[in-house]
Amino acid sequence: MVHLPKTQPGPPCLEVEKAKANGTYHCEGVLPLIQKDFKNKCYLCEDKAPLSINIEHFKPHRGDKELKFDWNNLYYACSHCNNTKSDKYEYLLDCTREADGVDRRIKYKINPFPKEKAVITALEDSQAVNDTVALLRAIYNGTTELKLIESANLRSKLLKEIRRFQDLLFDYYDNEFDDEEKQIIKDKIVRELRSASCFTAFKRWIIRERADFFADFNQLLG
Numbered sequence: 001m002v003h004l005p006k007t008q009p010g011p012p013c014l015e016v017e018k019a020k021a022n023g024t025y026h027c028e029g030v031l032p033l034i035q036k037d038f039k040n041k042c043y044l045c046e047d048k049a050p051l052s053i054n055i056e057h058f059k060p061h062r063g064d065k066e067l068k069f070d071w072n073n074l075y076y077a078c079s080h081c082n083n084t085k086s087d088k089y090e091y092l093l094d095c096t097r098e099a100d101g102v103d104r105r106i107k108y109k110i111n112p113f114p115k116e117k118a119v120i121t122a123l124e125d126s127q128a129v130n131d132t133v134a135l136l137r138a139i140y141n142g143t144t145e146l147k148l149i150e151s152a153n154l155r156s157k158l159l160k161e162i163r164r165f166q167d168l169l170f171d172y173y174d175n176e177f178d179d180e181e182k183q184i185i186k187d188k189i190v191r192e193l194r195s196a197s198c199f200t201a202f203k204r205w206i207i208r209e210r211a212d213f214f215a216d217f218n219q220l221l222g
């Protein structure tokens, strides 16, 4: 997870639909704006351009109309994450709030080898951090038989992306490239550290963990 601010205000249709007996939050303008705000990636796992998309309620609404139609409660999630989260988690770090520090209060790591599990570590002891870590571990590593398969597929994408990012770092620090070539590579690394990239939190932690990487790229870590 990384910080992804939401456009304000939200689509006016939400207030109109809330007043109806059987209104829907899938009204005109909601999905395109959520897709744009969340950079077309799931806010939880950070998979880019998911094939199955849900408008997810960050706080479970359980029939509460205010929460159900609240623009600030509608998020962009893949089906795997939406189903894993369900309505079981209420006290989570909020990626739309910069102060929640979703990629600074939690460490994200996966070793770049086949069959590796994602290691999600709380960096402080609070309910919001611990509950978010529990959810992310379930998302990346699976729980049920079905979710174990889904999470393995997700980690396969993650590992390929991390290996590609590492290749950029190897190239950048390779003395065989001249300054012009290194700048081209650096520009690619910069794009990978922006919030619009997939699995950004894992890439940012690769940079944070090495003093030399951090010295060169820390200004890009959000």
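Counting from 1, one number per residue, gives the positions in the sequence shown under UniProt numbering. Backbone N, C-alpha and C fix where the C-beta goes; we use that ideal spot for every residue, glycine too.
Cutoff 6 Å; reference residue i; Cβ partners in own chain excluding five residues on either side
i	result
residue 26	none
residue 49	40
residue 127	91
Start and end residues, alpha helix (DSSP H) containing residue i
i	result
residue 129	127-141
residue 200	200-208
residue 190	179-193
Among the options, the one whose alpha carbon lies nearest that of residue i
i	options	result
residue 104	215, 211, 205 and 8	205
residue 212	172, 200 and 161	172
residue 12	28, 23 and 21	28
residue 31	119, 7, 18 and 19	7
residue 130	68, 184 and 89	89
residue 10	157, 33 and 158	33
residue 65	24, 35 and 100	24
residue 123	143, 102 and 141	102
residue 46	121, 136, 164 and 217	136
Residue i - containing beta strand (DSSP E), residue span
i	result
residue 41	Unbroken run through residue 41: none, as it is neither H nor E.
residue 53	53-57
residue 74	74-78
residue 109	106-109
residue 2	That residue, residue 2, is in no beta strand (DSSP E); it is neither H nor E in DSSP.
residue 16	No beta strand (DSSP E) holds residue 16; the alpha helix (DSSP H) holding it covers 13-18.
Residue i to residue j span [Cα, whole Å]
i	j	result
residue 264	residue 40	Because the chain here runs from 1 to 222, residue 264 falls outside it and cannot be looked at.
residue 38	residue 177	35 Å
residue 145	residue 125	30 Å
residue 44	residue 139	8 Å
residue 134	residue 179	44 Å
residue 162	residue 168	10 Å
residue 175	residue 151	38 Å
residue 160	residue 20	46 Å
residue 158	residue 108	12 Å
residue 147	residue 52	15 Å
residue 197	residue 115	23 Å
residue 14	residue 215	45 Å
residue 61	residue 74	10 Å
Cβ-based neighbour list, residue i, same chain, cut-off 7 Å, excluding 5 preceding and 5 following
i	result
residue 132	92, 93 and 106
residue 77	42, 43, 44, 54 and 56
residue 100	93 and 94
residue 4	37, 38, 39, 43, 95, 96 and 195
residue 141	117, 118 and 151
residue 220	190 and 193
Supposed contact pair residue j and residue i - C-beta distance, whole angstroms, cut 8 Å
i	j	result
residue 18	residue 58	So it is not a contact: roughly 17 Å between Cβ atoms.
residue 200	residue 16	With a Cβ gap of about 35 Å, residue 200 and residue 16 do not count as contacting.
residue 82	residue 56	5 Å
residue 193	residue 182	Their Cβ separation, rounded to whole angstroms, is 16 Å, which puts residue 193 and residue 182 out of contact at 8 Å.
Proximal residues to residue i (C-beta, below 8 Å), its chain only, five neighbours per side dropped
i	result
residue 166	112 and 206
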